[in-house]
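Enquirer: Pasting a structure below so you can have a look.
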Amino acid sequence: MAGLKIGKMVLGSLFRKPATKMYPIVPAVWKERTRGHIEIEIEDCIFCGICSKKCPTDAITVDRAAKSWAIQRMGCIQCSCCVEVCPKKCLTNMAGYTAPDAQKVTDTFVQPEKEAEPKEE
Amino acid sequence: MSKRTVIPFGPQHPVLPEPIHLDLVIEDETVVEAIPSIGYIHRGLEKLVDKNEWPEMVYVIERICGICSFGHGWGYCKTIEGNLGVSVPPRAEYLRTILHELGRMHSHLLWLGCLADGFGFESLFMHSWRLRETVLDLFEETTGGRVIFSICKVGGMRKDIPNEMLKKMEETLRGIEGELHELADVFLDDDTVKSRLVGVGVLTKEEAFELGAVGPMARASGVNNDVRLDGHGVYGEIGFEPCLEETGDSYARCKVRIREVFQSIDLIAKCVSMIPDGDVAIEIKGQNPAGEFVGRIEQPRGEAYYYSKGSGQKFLDRIRVRTPTNANVPPLVKILQGCELADVPILVLTIDPCISCTER
Ligand code: SF4
Ligand code: SF4
């Protein structure tokens, strides 16, 4: 009897849509909560370095003098720890993984010079 | 007496997802003795307590295993919570139990696929993994990760899972239940499958007890040492009976795991209907673990324990994890004695070996 059961399952798959997806030709559909990659609103960052200190894999480098924030994409394990500790809430974990690559990429973000605020007289 | 030969099995072998090495002493086609050796994928994760503060360490501990990662996270949190003397809100305990049972389904379906692959039943393997995919999708939807969830933290959960999402999870699981039954029938009723499993690798109740077998391996021999009976999580509240079998052969081990897949669906449904509203985490401020604590968890593969020692610092002194496969290696050596050479791969699979866990 069981032979019939597996036969039914196997034949059933002939008439079903493929269970696998044709990724990357068909783009993946991310769930709302998927943790895919870290994004930063560099304008809000105060370069306190807390995110880099708490990151379990040391994927983040913060340079206060150069006003730059860098993340080593392959080193990041999407734990969202940095997102939780950032005092300015300028980090977010967005859906969508970073594209595969042959090199370990480091993305660096540099804060644009703020225009000097007009001093109040 | 015929001549004895020693043949190596592993560390690279088609049925082994991870490397373990066995020296098989054989006489004709019969294994007389098996000598295991491990040590091919030690990663030194426990040592990372020196580098990561205890709240962040949970993300490292989760990565001990890609299959029971939720359980590892929970086990770690449990030992630290015990160390700090705090208890988590009831809703968090329910959510942890739900995700842990979902993890058990994920693990057992993966194992069933591996077993089918082990005896060369490719379509059965693919269908097991197709159904497991539904479980992984549920994980992604609720926690944000497919295999590593990072949702458990010391003091509770990082995110709440809304009740509608939990209801949907239950419906989805009920939706695949029919197909799971079809799959289970093939594993349990098919003659070709049975001819590979029934009566092979028998571990008696006494042997299982003496050798310290854990998890489905022990339960298949009738040893009732399920840690869930201690009432960790909310197992005490929702009522729970472990799945026990008596025969102790490969078929019984397969049957225990299949029964547990269905049991997990029922346990999840019970949790969803009983889950209280409220907070999912407590805040822990200015406290550091001091002293020692041991927490135990019933992982899909069996009992795992987590030991932590702190001295009031941000960095723990020691963390130690004993994983179920570690406990199941002596029973494996026992069942390999006297088996046919051709049955060795299946027998190694029936303990559901997770070598990455064992070596950490
Ligand atoms: S924690 Fe936030 S504000 Fe501080 S350096 Fe990191 S991203 Fe910038
Ligand atoms: S998500 Fe985790 S691993 Fe990635 S950068 Fe943030 S803290 Fe580091």
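For the protein sequence lines, the chains are C and F, in the order given. In this text, residue positions in the first sequence follow numbering that gives the first Met the number 0: the first is 0, and each later residue adds one. In this text, residue positions in the second sequence follow numbering that gives the first Met the number 0: the first is 0, and each later residue adds one. Note that the Cβ used here is the ideal one computed from N, Cα and C, for glycine as well.
1. If you follow the alpha helix (DSSP H) that F/Thr29 is part of, which residue opens it and which one closes it?
2. Which residues does DSSP pair with C/Ala69 in a beta bridge?
3. Compile a chain-ordered list of the residues in the segment 140-153 of chain F whose CB is closer than 8 Å to at least one CB of chain C.
4. What's the C-alpha gap between C/Glu120 and C/Cys54?
5. Given a threshold of 16 other Cβ atoms within 10 Å of its Cβ, counted over all protein chains shown, does F/Phe8 qualify as buried or as exposed?
6. Specify the secondary structure class of C/Asn92 as computed by DSSP and reduced to three states.
7. So if DSSP puts F/Ile318 in a beta bridge, which residue, or which two residues, is it bridged to?
8. Across the segment 5-23 of chain F and the segment 278-294 of chain F, are there enough close Cβ pairs to call them in contact, namely three or more that are closer than 8 Å?
9. State yes or no: is the C-beta of F/Pro13 within less than 8 Å of the C-beta of F/Tyr39?
10. Where does F/Thr4 fall in DSSP's three states?
11. I need the DSSP call for C/Met21, collapsed to helix, strand or coil.
12. Taking C-beta pairs closer than 8 Å, name the residues in chain F that C/Lys16 reaches, listed in chain order.
13. In terms of DSSP beta bridges, what is F/Met164 paired with?
14. From this set, F/Ser122, F/His99 and F/Lys308, which residue's C-alpha is nearest F/Leu137's C-alpha?
15. Answer yes or no: the CB of C/Cys47 versus the heavy atoms of ligand 4, is any distance below 7 Å?
16. Chain F beta carbons: is any one of them nearer than 8 Å to that of C/Lys88?
17. Who are F/Val293's beta bridge partners in DSSP?
18. Go ahead and pull the three-state DSSP assignment for F/Val134.
19. For F/Cys151, verify whether its CB is less than 7 Å away from any heavy atom of ligand 2.
20. Quick one, which residues of the segment 70-82 of chain C are near chain F if we go by CB-CB under 8 Å, in chain order?
21. What does C/Lys53 touch in chain F if you count any residue whose Cβ is under 7 Å from its own?
22. Quick check: is the beta carbon of C/Val25 nearer than 8 Å to any beta carbon in chain F?
23. Should F/Arg129 be flagged as near chain C, meaning a C-beta pair shorter than 8 Å?
24. Can you list, in chain order, the residues of its chain with a C-beta nearer than 6 Å to that of C/Ala101? Leave out the 5 residues immediately preceding and following it.
25. Do F/Val255 and F/Cys242 come within 8 Å of each other at the CB atom, strictly closer than that value?
26. Can you pull out the residues from the segment 26-43 of chain C whose beta carbon lies closer than 7 Å to at least one beta carbon of chain F?
27. Is the beta carbon of C/Thr56 within less than 7 Å of some heavy atom of ligand 2?
28. Return the chain-ordered list of same chain residues with a C-beta closer than 6 Å to the C-beta of F/Asp188, the five sequence neighbours on each side being excluded.
29. From what residue to what residue does the beta strand (DSSP E) around F/Leu23 run?
30. With a threshold of 8 Å between beta-carbons, can F/Asn51 be considered close to chain C, or not?
31. Quick one: residues in its chain with C-beta nearer than 7 Å to the C-beta of F/Ile79, no 5 flanking neighbours on either side, listed in chain order?
32. Output needed in chain order: residues of the segment 57-68 of chain F with a Cβ under 7 Å from some Cβ in chain C.
33. Looking only at its chain, what residues have a beta carbon closer than 8 Å to the beta carbon of F/Gly337, apart from the 5 residues adjacent to it on each side?
34. Report all residues from its chain with a CB closer than 6 Å to the CB of C/Val82; omit the five preceding and five following residues, and keep chain order.
35. Whole angstroms is fine: what's the gap from F/Arg321's alpha carbon to F/Leu315's?
36. Sorry if obvious, but does the Cβ on F/Cys353 come closer than 7 Å to a heavy atom of ligand 2?
Expert: In terms of the structure at hand:
1. Taken as a continuous stretch (DSSP letters only), F/Thr29 belongs to no alpha helix (DSSP H), being part of the beta strand (DSSP E) at Thr29 to Ser36.
2. C/Thr60 and C/Thr107
3. Glu140, Thr141, Thr142, Gly143, Gly144, Ile147 and Ser149
4. Confidence at C/Glu120 is low in this model, with a pLDDT of 46, below 50, so the placement of that residue should be treated as unreliable; the coordinate-derived value is given next. Roughly 43 Å separates the two Cα atoms.
5. buried
6. strand
7. F/Ser307
8. no
9. no
10. strand
11. coil
12. Near C/Lys16 there are no residues of chain F at all, since even the closest Cβ is about 12 Å away, more than 8 Å.
13. DSSP lists no partner for F/Met164.
14. F/His99
15. As presented, the structure is devoid of ligand 4, carrying ligand 1 and ligand 2 as its sole ligands.
16. no
17. F/Tyr306
18. helix
19. no
20. Ile76, Gln77, Cys78, Ser79 and Cys80
21. Glu55
22. no
23. yes
24. none
25. yes
26. Lys30, Arg32, Thr33 and Arg34
27. yes
28. none
29. His20 to Glu26
30. yes
31. Trp53, Val153, Pro288 and Ser307
32. Tyr58 and Val59
33. Thr29, Val30 and Val31
34. Leu90 and Asn92
35. 17 Å
36. no
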